[in-house]
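Engineer: Numbering (my numbering), first residue to last: 48 to 318.
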Ligand code: IPE
C-alpha cells in the first residue's frame, strides 16, 4: 500500500522573517529528521516550503505580486528593475531550497527538487503545470518544491505563486495522499485570540467554517495570503476526504505523532 503526505514548511517557521535571507537551520534540521523517520515508516513525504525572508521582503519592495508595473523602480537597491528582482528572488529561493535539500541528503534521503519557475505558470489554486514530476512514490524519495515567482501568461508577465496553492493541488491531484500538514512557526495551530495573548487553552483543536479564529496577517511584509489562504486551501482539501492539520513546526515530533496516529497537539481542519 502506498502512503504519501504533503507537508508545508511555513516561511515564518524556517526563516528569520525580518532579516533578509537568514534561515533557521536548526529548525530545518529538526524538521528534516522527522521527515526521515516518517519515510522510514514507509510513508512518502512531499515537502513544499515557503519563502519567509528569502522571498517576501524583496518581492514586496519590488511589488512583484502586482506583476509588471511599467516604469516602476526602487532607489538604492541591489537590482535596477522588476525583472532583475524576479531573477534575484528566484535565486534566493533556490538558495533556501538548497539548505533544505542538503539537510535531507545528509540523512540519506534521495531528493527530487522541483523549482516552480521551471514547471508552473499562472497563479492561484488553478495554476498551470503538470504534476507528472511528482509521480514516483518511493518513501526513500522526497519531493521538494516551494512558493516562487512564476511566469504569468498575460500583461502581468510574472507573479507570486504561494506554496499554499501548490500544496492544495498536490493533495487534490496526486494519488494516495492521506494528509496535508501545515507546519507553522510560533503557534500551536489556529487560535481563538491573537497569538501574543494566547494561552494553552486558546488552541482551536477542530476548525470548521463556523468557528472564529484570530490570525496575524502581516500584509505589510507578506505578499501572499497568510493564515487565511492556508485555511481556505486547507478546507477545500479536507472536503475531498484528506486529513488537514496545522501544527507547531518548532515541535516537529508532533508531526511524527500525527502520522503515527498517536496523540499530538494542533488543529484539525474539518471538511
Ligand atoms: C511565497 O510563498 C513565495 C515568495 C514570496 C517568492 P509562500 O506563500 O508559500 O511563503 P510563506 O510560507 O508565506 O513564507
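By construction, the Cβ of each residue, glycine as well, lies at the ideal position given by its N, Cα and C atoms.
Just so we're clear, the structure is a prediction, and the values are computed from it rather than from any experiment.
Based on the DSSP output, what are the partners of residue 53 in its beta bridges?
Structural biologist: DSSP output for residue 53 lists 93 and 227 as bridge partner(s).
Engineer: Output the distance between the C-alpha atoms of residue 251 and residue 302, rounded to the nearest integer angstrom.
Structural biologist: Each residue's Cα considered, the two are about 17 Å apart.
Engineer: Could you tell me which residues DSSP pairs with residue 254 in its beta bridges?
Structural biologist: Beta-bridge pairing links residue 254 to 316.
Engineer: Taking the alpha carbon of residue 138 as the point to measure from, which residue in 234, 265, 164 and 158 has its own alpha carbon closest?
Structural biologist: Residue 138 has its Cα closest to that of 164, out of 234, 265, 164 and 158.
Engineer: Sorry if obvious, but does the Cβ on residue 93 come closer than 7 Å to a heavy atom of ligand 1?
Structural biologist: No; taking the cut-off as 7 Å, the Cβ of residue 93 has no heavy atom of ligand 1 nearer than that.
Engineer: Please state whether the Cβ-Cβ distance between residue 142 and residue 101 is less than 8 Å.
Structural biologist: Result yes, Cβ atoms of residue 142 and residue 101 sit closer than 8 Å.
Engineer: Helix, strand or coil for residue 181, going by three-state DSSP, please let me know.
Structural biologist: If DSSP states are grouped into helix, strand and coil, residue 181 belongs with the helices.
Engineer: When the Cβ atoms of the segment 201 to 213 are set against those of the segment 106 to 116, are three or more pairs found closer than 8 Å?
Structural biologist: Enough Cβ pairs lie closer than 8 Å, so yes.
Engineer: Drop a sphere of 10 angstroms on the beta-carbon of residue 216, count the other beta-carbons inside from all chains shown, and report buried for 16 or more, exposed for fewer.
Structural biologist: Its Cβ being crowded by 16 or more others within 10 Å, residue 216 is buried.
Engineer: Going by beta carbon distance, what residues of the same chain come within less than 6 Å of residue 97, once the five residues before and after it are set aside?
Structural biologist: Within the same chain, residue 97 has close Cβ partners 57, 58, 194 and 210.
Engineer: Does residue 146 come out as helix, strand or coil in the three-state DSSP assignment?
Structural biologist: In the structure shown, residue 146 sits in a helix (DSSP, three-state: H, G or I).
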